[in-house]
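Structure, as structure tokens:
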Amino acid sequence: MRALVTGGAGFIGSHLCEALLERGWEVICVDNFVTGSKKNVEHLLDNKLFTLIEHDISQPLEIKGDIHGVFHFASPASPIDYLKLPIQTLKVGGLGTHNTLGIARAKKARYLLASTSEIYGDPEQHPQKESYWGNVNPIGVRGCYDEAKRFAEAITMAYHRYHDIDTRIVRIFNTYGPRMRIEDGRVVPNFIAQALRNEPLTVYGDGTQTRSFCYVTDLIEGIIKLFEAPGYDPVNLGNPDEHTIKEFAERIIEIMGASSSIVYKPLPADDPKRRRPDISRAKERLKWEPKVSLEEGMQKTIDWFKSQ
Ligand code: NAD
Ligand code: UDP
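The numbering of the sequence shown is our numbering, which starts it at 396 and goes up by one.
Okay, here's the thing in structure tokens:
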């Protein structure tokens, strides 16, 4: 079996490449390193089953030979990254998804799109079920990411319906773990880096907004199960263990035994107020639920950041 993984040199993509190789797949990883790094897959370069191609997937790509699975994970994913790269983000969600669907169609491969909880925007339903259509500001600063992913879901469904492509859509909720960039601006690397330096943790707004954090190995297990299971409806994958950001900052200070205080900074525009996945569909169809506790996942992530 041969897979194409776009964004394979990123945080989640690199873990996915590893998991597919462990299952005996041959993996072609395509990345332009805009937010990822060759370092994330350096340890795989000696593996004969692994190939790394530097390419911007918003441009067409020709792959020789069979492909059985296309996993489209290329996209800036941290708010700081996509605010800096709004046009590239729209292009990779639009043109990149079109190009990768074209590859799946030409190769008769199964296709899996990495979508996001951001398609629910600032949700008015809580927790978020797959049946919810969302509350997105299309012209706000997060619109470049949210609408790109909504377009990506729409074109994936169009290829499924019109070209009969075997598709899967995973709506990923906040995921963390080793290989996140320390400076990527997301809350987990920010808080860990600040606590390691005993600097104040920067809580945006009053810290009452919530997020639910999933450890990366749990997510990858769910993605593989989703790819292997029948059914094309979108599936939420994430950990329903919900925390306010203020409480999350306090937990990190406690886990790390840091002497950091908390400082409050302005809340970014359109920052969703509450987020927690309803994972009933994943539980029922995939027999999947996350296993790694916040303490265990955070400890592994902290150890990794320390080693960097
Ligand atoms: P990341 O920034 O670490 O990885 C993204 C990778 O895509 C990077 O290696 C980057 O260089 C690559 N990339 C971006 N544009 C590209 C292009 N035009 N051509 C080729 N490669 C390109 O982010 P991540 O957290 O690993 O996210 C991976 C995927 O999962 C993204 O599609 C993201 O939207 C989705 N996702 C992630 C989370 C999360 O919590 N981490 C949540 C929801 C969705
Ligand atoms: N956040 C914060 N301090 C930081 C970074 C983020 O309070 O240093 C907040 C952010 O405003 C959001 C939550 O943490 O409410 C999660 O932010 P992140 O950028 O990780 O991802 P998001 O879920 O917003 O895409």
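For every residue, glycine included, the Cβ atom is placed at its ideal position computed from N, Cα and C.
For this session: Find the nearest neighbour of M575 within the set F586, V565 and L507, judged by alpha-carbon distance.
Result: Reading the sequence shown from its first residue, position 180 is the one you call residue 575. Nearest C-alpha to M575: F586.
Exercise. By the 10 Å Cβ neighbour count, where 16 or more other Cβ atoms means buried, how is F428 classified, buried or exposed?
Worked result: Taking the sequence shown and counting its residues from 1, the one referred to as residue 428 is at position 33. Residue burial is scored here from C-beta neighbours: F428 has fewer than 16 other C-beta atoms within 10 angstroms and is therefore classed as exposed.
For this session: Taking 8 angstroms as the cut-off, decide whether the C-beta atoms of G489 and A404 are in contact.
Result: The residue you call residue 489 lines up with position 94 of the sequence shown. The residue you call residue 404 lines up with position 9 of the sequence shown. For G489 and A404, no; Cβs fall outside 8 angstroms.
For this session: Take V611 as the anchor and find which of R397, A414 and M396 has the nearest alpha-carbon.
Result: Within the sequence shown, residue 611 is the residue found at index 216, counting from 1. Of the listed residues, the one whose Cα sits closest to V611 is A414.
Problem set entry | Reduced DSSP secondary structure (H/G/I, E/B, other) of Q703 | Here the question's residue 703 lines up with position 308 in the sequence shown. Three-state result, Q703: coil.
Exercise. Which residue from H463, G692 and H450 puts its Cα closest to that of I560?
Worked result: On the sequence shown, residue 560 is found 165 positions in, with the first residue counted as 1. Per the Cα distances, H463.
Problem set entry | A501 versus L416 - alpha carbon distance | The count along the sequence shown starts at 1 and reaches residue 501 at position 106. The count along the sequence shown starts at 1 and reaches residue 416 at position 21. So the two alpha carbons sit approximately 23 angstroms from each other.
For this session: Identify the continuous alpha helix (DSSP H) that holds H555 and give its terminal residues.
Result: If you number the sequence shown from 1, residue 555 lands on position 160. Counting along the chain, the alpha helix (DSSP H) containing H555 begins and ends at G538 to H558.
For this session: Take T696 and list the residues in its own chain whose beta-carbon comes closer than 7 angstroms to its own, dropping the five residues that flank it on each side.
Result: Position 301 of the sequence shown holds residue 696. So the list reads Y571, G572, P573, V583 and I587, once near-sequence residues are dropped.
For this session: Rank G617, K701 and H638 by C-alpha distance to the C-alpha of R670 and give the top, closest one.
Result: Numbered from 1 along the sequence shown, position 275 holds the residue referred to as residue 670. Of the candidates G617, K701 and H638, the one whose C-alpha sits nearest the C-alpha of R670 is H638.
Exercise. Whole-angstrom Cβ separation of I640 and V598, contact assumed at under 8 angstroms?
Worked result: Translated into the one-based positions of the sequence shown, residue 640 becomes position 245. Translated into the one-based positions of the sequence shown, residue 598 becomes position 203. That pair is a contact at about 6 angstroms.
Exercise. Using the C-alpha atoms, what's the distance from C424 back to I448?
Worked result: Residue numbering aside, residue 448 sits at position 53 when the sequence shown is read from its first letter. Residue numbering aside, residue 424 sits at position 29 when the sequence shown is read from its first letter. When rounded, the distance between both Cα atoms is 6 angstroms.
Exercise. Where does F586 sit, in a helix, a strand or coil, going by DSSP?
Worked result: As a first step, residue 586 is located in the sequence shown; it is residue number 191 there, counting from the start. Reduced to three states, the DSSP call for F586 is helix.
For this session: Return the CA-CA distance between F700 and F445, expressed in angstroms with no decimal places.
Result: Translated into the one-based positions of the sequence shown, residue 700 becomes position 305. Translated into the one-based positions of the sequence shown, residue 445 becomes position 50. Whole-angstrom Cα-Cα distance: 26 angstroms.
For this session: Output the residue ranges of the beta strand (DSSP E) runs that lie fully inside the region 612-648 and measure 3 residues or longer, sorted by chain position.
Result: Qualifying beta strand (DSSP E) stretches, in chain order: 630-632 and 637-639.
Exercise. Hey, is the region 604-620 in contact with the region 638-658, meaning 3+ C-beta pairs nearer than 8 angstroms?
Worked result: Here the region 604-620 lies against the region 638-658, with 3 or more beta-carbon pairs under 8 angstroms apart.
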